[in-house]
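*Asks:* Numbering (this note's numbering), first residue to last: -7 to 73. One structure, as structure tokens, below. Some questions next.
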């Protein structure tokens, strides 16, 4: 009986998340969000990075992903922004 109740409560927990604010973004919205994500470039590098990447030097320049790609920068393979 206890196992049945446990499985039922786990199943209900998966079907109905605790937070009513949780939602999955449609594909179009998630792509837009990714393009507007803040990334960092450097004066001399050819890659864009997340804040805190070990390859991001002290000359980090804040920009958005869309602009970095437009200007020829590629994603860092370590931090995967």
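A virtual CB, placed ideally from N, CA and C, is assigned to each residue, including glycine.
(1) Go ahead and label residue 38 buried or exposed: buried means 16 or more other beta carbons lie within 10 angstroms of its beta carbon, across all protein chains shown.
(2) Using 10 angstroms around the beta-carbon of residue 70, count the other beta-carbons present and answer buried if the total reaches 16, otherwise exposed.
(3) Whole angstroms is fine: what's the gap from residue 60's alpha carbon to residue 66's?
(4) Kindly indicate the opening and closing residues of the alpha helix (DSSP H) around residue 61.
(5) Which residues in the same chain as residue 33 place their Cβ atom closer than 7 Å to its Cβ, once the five residues preceding and following it in sequence are excluded?
(6) Mind checking which residues open and close the beta strand (DSSP E) that includes residue 70?
*Replies:* Looking at the coordinates:
(1) exposed
(2) exposed
(3) 8 Å
(4) 57 to 62
(5) 40, 53, 55, 60, 65
(6) That residue, residue 70, is in no beta strand (DSSP E); it is neither H nor E in DSSP.
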